[in-house]
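Only one structure is covered here, and it is reproduced in the block below.
In my numbering, the protein residues as written are 11 to 534.
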């Protein structure tokens with residue numbers, strides 16, 4: 011069987027089609043949007059196919075009918091005499107540039123304007139960026155008789171790149187204000203507008219000036235516009251599913267279960283279609299390995315720093331106590347006061363539930379790739395000593411747990427806490443204590459469960475291996491004996507009475523003053 015070409019990293023629609031890469035047909039969405047003829051904004055995480063979508067829209071407005079052969083939009087436009095005209099298209103691509111320097115944004119816009127001015131208005135290369143853009147819109151309509159199409163890819167990159175440099179971010183906002191305010195009063199020269207980004211920055215000119223901009227980021231109708239749905243997965247990737255299952259020794263049904271756990275779970279409307287991360291899914295098929303691909307570039311350092319500085323309770327990521335309303339999910343203020351909008355918009359959190367009476371969304375990790383990748387990226391910040399090869403890493407601890415070596419488990423946990431540097435007297439030990447325990451035990455894998463509910467109470471941590479079941483109770487400023495006694499008095503072990511594995515109860519105590527593990531008691 012000849013392998014099909016998977017479009018990993020391919021963001022150009024024309025290249026994808028002419029070079030015969032596999033394409034998941036999203037053109038029904040394009041048809042719907044271009045015929046509604048209203049300005050659109052779409053927010054989606056990185057590597058979700060926004061650029062490819064925008065490139066396909068560009069090809070449509072440029073009248074490149076041949077690229078859409080066999081796709082849904084070709085049939086939908088079959089009886090439309092006005093279809094496939096060549097409109098003037100101004101495509102602003104803010105990807106691939108470093109905006110850390112003051113004039114980087116102006117230089118990027120200037121470069122793109124100069125290219126179009128050569129085609130439409132070579133005599134109008136003077137004036138402000140906004141004036142030049144207005145002149146282009148007028149010249150393009152005069153030359154072609156058609157209004158212009160404006161496409162903006164990753165508009166927010168010049169803002170996200172400098173999120174930790176407020177002065178430069180404010181400068182870039184002002185540049186946008188002077189430039190995109192053109193769109194508000196020149197509607198007669200504009201046919202269609204589509205803007206994409208990761209975040210929707212509150213009070214940025216694009217949104218404050220364009221009050222008619224239609225934000226489809228939380229729209230049920232467009233929930234599946236980027237990403238891959240269950241239906242698309244089985245319809246388009248039958249061969250790849252079979253190959254991956256064969257290499258991994260799965261049945262095809264088991265393969266689908268593993269892919270769903272790893273890459274599915276993104277929901278952009280509580281009742282809308284869920285989607286897989288397309289970048290990770292394509293890489294899994296290409297490499298024939300269910301690995302971690304979305305995290306290759308790592309979590310932004312400012313986001314990790316923000317969570318730590320705000321003493322954010324990271325246990326909330328998995329106990330479903332992160333809540334938000336629609337305005338929080340849609341608008342990011344840019345002042346770094348609240349990490350929740352960024353965590354959602356950048357793809358680390360997704361919608362798990364919606365309470366219509368309270369108009370409140372519940373957020374959680376979408377899948378295991380994000381869960382474990384994100385928590386691993388937090389470890390160096392919270393527990394710097396947990397590096398591979400020094401005896402205090404997760405892999406070493408996992409080995410001791412698998413073998414039932416409780417004294418060595420104690421030594422690793424003691425060493426991890428002793429290695430933490432507390433730079434401020436105000437650092438809350440309780441926050442670090444809870445965070446480190448949560449990170450360490452969650453990263454031990456799928457058989458770890460923190461704060462497990464039993465009929466008689468809530469045990470701090472349950473850990474299961476092939477041979478052992480561990481029940482941990484942690485105490486601050488109390489004794490290990492008291493922790494062990496709580497396990498016994500609350501009958502936390504009762505659910506495992508018939509389990510063939512060896513049960514190990516562990517009471518652990520920490521001292522807030524010395525910030526150390528000071529007590530350890532085991533029992534069976």
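Glycine residues also receive a C-beta, built at the ideal position from the N, C-alpha and C atoms. Predicted model, so just to flag it, every value in this text is computed and none were measured.
- Residue 201: member of the beta strand (DSSP E) spanning 200-207, first to last residue.
- Per DSSP, residue 499 lies in no beta strand (DSSP E) segment; the continuous alpha helix (DSSP H) that holds it begins and ends at 490-499.
- Within 10 angstroms of the beta-carbon of residue 145 lie 16 or more other beta-carbons, which makes it buried.
- Within the segment 113-194, the complete beta strand (DSSP E) segments at least 3 residues long are 158-163, listed from N- to C-terminus.
- Taking the Cα positions, residue 192 is about 24 Å away from residue 60.
- Scanning 55, 37, 336 for the CA closest to the CA of residue 69 turns up 37.
- Using a C-beta cut-off of 8 Å, the segment 34-48 makes contact with the segment 226-241, since at least three inter-stretch Cβ pairs fall below that distance.
- Counted as a single uninterrupted DSSP element, the alpha helix (DSSP H) harbouring residue 263 occupies residues 262-273.
- Counting only the Cα atoms, residue 476 lies some 27 Å from residue 254.
- Within the same chain, Cβ atoms closer than 6 Å to the Cβ of residue 353 are found at 359, the five residues on either side in sequence being excluded.
- Going by C-alpha positions, residue 207 is about 10 Å away from residue 356.
- Within the same chain, Cβ atoms closer than 8 Å to the Cβ of residue 425 are found at 395, 401, 402, the five residues on either side in sequence being excluded.
- If you look at residue 103, you'll find it isn't in any alpha helix (DSSP H); it sits in the beta strand (DSSP E) that goes 99-103.
- With contacts defined as CB atoms closer than 8 Å, residue 26 and residue 16 fail to qualify as a contacting pair.
- In the DSSP assignment, residue 530 falls within the unbroken beta strand (DSSP E) covering 526-533.
- Per the coordinates, the alpha-carbon of residue 223 lies some 10 Å from the alpha-carbon of residue 194.
- Its Cα nearest to that of residue 420, the residue 532 stands out among 180, 512, 87, 532.
- Shown here, residue 328 sits in coil according to DSSP, grouped into three states, outside any helix or strand.
- Annotation: residue 374 to residue 108 spans about 31 Å, alpha carbon to alpha carbon.
- Between the alpha carbons of residue 516 and residue 392 lies a gap of roughly 23 Å.
- Rounded to the nearest whole angstrom, the C-alpha separation of residue 181 and residue 158 is 28 Å.
- Non-local beta-carbon contacts of residue 371 in its own chain, meaning distances under 6 Å to residues more than five positions away in sequence, involve 334, 361, 364 in chain order.
- Excluding the 5 residues flanking it on each side, residue 512 has same chain C-beta neighbours closer than 8 Å at 414, 477, 478, 479, 534, in chain order.
- Under DSSP, residue 418 forms no beta bridge with any residue.
- Comparing alpha-carbon positions, the option among 239, 183, 171, 453 lying closest to residue 408 turns out to be 453.
- In the three-state reduction of the DSSP assignment, residue 27 falls in the helix class.
- Straight-line spacing of the CA atoms in residue 101 and residue 377 works out to 34 Å.
- Contact between residue 303 and residue 289 holds: CB atoms are separated by about 6 Å, below the 8 Å threshold.
- In the three-state DSSP reduction, residue 375 falls in the coil class, being neither helix nor strand.
- The beta carbons of residue 252 and residue 269 sit about 13 Å from each other, so the pair does not count as a contact at 8 Å.
- The beta carbon of residue 147 sits closer than 6 Å to the beta carbons of 158, 196, 199 from its chain, once the five residues preceding and following it are set aside; these are given in chain order.
- DSSP lists 482, 532 as the beta-bridge partner residues of residue 516.
- Counting along the chain, the unbroken beta strand (DSSP E) around residue 364 starts and ends at 360-365.
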